[in-house]
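Below is one structure; the comments refer to it alone.
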Amino acid sequence: VTTTQLIPALAKVLLYGLGIVFPIENIYSATKIGKESCFERIIQRFGRKVVYVVIGDGVEEEQGAKKHAMPFWRISSHSDLMALHHALELEYL
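Position one of the sequence shown corresponds to residue 401 (this note's numbering), numbered consecutively onward.
Given below as structure tokens:
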């Protein structure tokens, strides 16, 4: 979920070669509908029996995660990304 408009967000994903990690059908733009609506659409699409992890740097992401009982991982530096990678490898999330 991004606040960037959809086309620029998709372009960034493709330019950085992240299409394998983030398939375009799983990218949601909150520009017009807000992140809360995006979270609800994702839950409707994939169901409630899935573990979602909200990754972000803002209050809006953290509040949305809390509302839907999803773990939130704050990213504000490279070391935060490394810690997330380690937690995922160890299946903590």
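Cβ atoms here follow ideal geometry from the backbone N, Cα and C, with glycine treated the same way.
For residue i, write down the residues that DSSP places opposite it in a beta bridge.
| i | result |
| --- | --- |
| T403 | The partner list for T403 (beta bridge, DSSP) is empty, contrary to what the question assumes. |
| S429 | T402 |
If you draw a straight line from the alpha carbon of residue i to that of residue j, how long is it in whole angstroms?
| i | j | result |
| --- | --- | --- |
| I420 | A409 | 15 Å |
| V401 | G417 | 18 Å |
| A430 | L490 | 31 Å |
So, using beta-carbon positions, are residue i and residue j closer together than 9 Å?
| i | j | result |
| --- | --- | --- |
| I443 | H468 | yes |
| K432 | G464 | no |
- Message: Using 8 Å as the cut-off, can you tell me whether the stretch 443–460 makes contact with the stretch 474–489, which would need three or more C-beta pairs spanning the two stretches below that distance?
- Response: With a cut-off of 8 Å, the stretch 474–489 and the stretch 443–460 count as touching, because enough Cβ pairs lie within range.
- Item | Complete runs of the beta strand (DSSP E) confined to the stretch 440–472 [at least 3 residues] | For the stretch 440–472, whole beta strand (DSSP E) runs of length 3 or above, ordered along the chain, are 454–456.
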